[in-house]
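The sequence shown maps to residues 823 to 1044 in the working numbering.
The C-beta atom is built at its ideal place from N, Cα and C for all residues, glycine as well.
Remarks on the structure that follows.
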Amino acid sequence: MNNEWDARFRERMEAQGHTMKSLSLAAGLNESFVRDMLQRGRRPSLDKFSRLVAILGTTVAEIMGEDIPPDSPRMVPLMGFVGAGAEVEPDFEQVPEDGLDQIPVPFALPADMIAFQVRGSSMLPQFRDGAVLIVYREQRRSTESFYGEEAAVRTSDGRRFIKTIFRANQRDRVNLMSWNAQPIENVHLAWVGEIFTVFPPKSLHRVAKQGGIQGNLGLKSA
């Protein structure tokens, strides 16, 4: 990790007129979250850090000093929904590789990203109904490494959720936890989508009523 990331983060936060408290609350986090991160060395999950930098109008890659070419993909295929209280039926494998719709993102991204839209309210306040998750298409690390983190997941029977992943009592199984719903226990995961960034519902506008199951969705640049 680039050891100058915190200076870039502070500079961006000040430029946007945020205090540590106001930024934490704007991201739906505990009011001391940013302070704990910057002053006490708390390591945030990628999901929470992505929400913070999105509010600051930048990206994780830029804050961390990663070199993402300016011509990196900015169109992300929308692959459907992930359930947050609502049940999303197993249709991932039937979705075309280029998605149901294409979402224009107003900054450069690493290659091979996909998007899902949240359906339901069981993960409030972190993930609102209609929010869009940008995740890595391929699972990049072991399921065990996600314990305690929020992620997009697909179960072995094809259902998709946005949940917090915890170890289950049974081997090779997990419990999927929500903030406002009963846990889904002892399930096997076929895929874990690591969250790169999250866009709240208000950052979306409908471009045209055509294409996939919900028409084309685009991200506002401001």
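Reduced DSSP secondary structure (H/G/I, E/B, other) of R865: Along the sequence shown, one-based indexing puts residue 865 at 43. In this structure, DSSP gives R865 a state outside helix and strand, which the three-state scheme calls coil.
Cα-Cα separation, F968 to E836: Here the question's residue 968 lines up with position 146 in the sequence shown. Here the question's residue 836 lines up with position 14 in the sequence shown. Their Cα atoms are separated by approximately 32 angstroms.
Straight-line Cα distance separating V957 from E884: Counted from its first residue, the sequence shown places residue 884 at position 62. Counted from its first residue, the sequence shown places residue 957 at position 135. Taking the straight line joining both Cα atoms gives about 17 angstroms.
Proximity of T1049 and A876 at Cβ, strictly below 8 angstroms: Residue 1049 lies beyond the stretch modelled for the chain, which goes from 823 to 1044, so this question has no answer here.
Distance CB(E966)-CB(I1017) smaller than 8 angstroms: As a first step, residue 966 is located in the sequence shown; it is residue number 144 there, counting from the start. As a first step, residue 1017 is located in the sequence shown; it is residue number 195 there, counting from the start. Result no, Cβ atoms of E966 and I1017 do not sit closer than 8 angstroms.
Neighbourhood of Q961 by C-beta distance below 8 angstroms, restricted to the same chain and skipping five residues each side: Against the sequence shown, residue 961 aligns to sequence position 139. By the criterion of a C-beta distance shorter than 8 angstroms, Q961 is surrounded in its chain by W1013, V1014, G1015 and E1016, once the five residues flanking it on both sides are discounted.
Alpha-carbon spacing of M897 relative to A974, whole angstroms: If you number the sequence shown from 1, residue 897 lands on position 75. If you number the sequence shown from 1, residue 974 lands on position 152. Roughly 19 angstroms separates the two Cα atoms.
Spatial distance of L860 from N997 (CA atoms): Taking the first residue of the sequence shown as 1, we reach residue 860 at position 38. Taking the first residue of the sequence shown as 1, we reach residue 997 at position 175. Going from the Cα of L860 to the Cα of N997 covers about 31 angstroms.
Spatial neighbours of Q1032 in its chain, beta-carbon cut-off 6 angstroms, leaving aside the 5 residues before and after: Here the question's residue 1032 lines up with position 210 in the sequence shown. With a pLDDT of 36 at Q1032, under the threshold of 50, the modelled position of that residue is not reliable, and the figure given next carries that caveat. Counting only residues of its own chain and dropping the five nearest sequence neighbours on each side, Q1032 has no CB closer than 6 angstroms to any other CB.
Residues of its chain near Q775, where Cβ-Cβ distance is below 6 angstroms and the 5 sequence neighbours each way are ignored: Here the chain has residues from 823 to 1044 only, and residue 775 is not among them.
Beta strand (DSSP E) runs contained entirely in the region 923-976, provided each spans 3 or more residues: Here the runs fully enclosed are 923-926, 935-941 and 954-958.
Buried versus exposed call for Q939 [16 or more other C-beta atoms within 10 Å across all chains shown]: To locate residue 939, count along the sequence shown from 1; it is residue 117. Around the beta-carbon of Q939, 16 or more other beta-carbon atoms lie within 10 Å, marking it buried.
From L955, S943, D951 and G942, residue whose alpha carbon lies closest to that of I936: Mapped onto the sequence shown, residue 936 falls at position 114. Nearest Cα to I936 within the set L955, S943, D951 and G942: L955.
R976 to W827 span [Cα, whole Å]: Looking up residue 976 in the sequence shown gives position 154. Looking up residue 827 in the sequence shown gives position 5. Cα to Cα, the separation comes out at about 32 angstroms.
Endpoints, the alpha helix (DSSP H) within which W827 is located: Within the sequence shown, numbered from 1, the residue matching residue 827 stands at position 5. Run containing W827: W827 to A837, per the alpha helix (DSSP H) assignment.
Cβ-Cβ distance between V882 and F983 below 8 angstroms: Here residue 882 refers to the residue found at position 60 of the sequence shown. Here residue 983 refers to the residue found at position 161 of the sequence shown. Cβ distance not < 8 angstroms, so V882 and F983 don't count as in contact.
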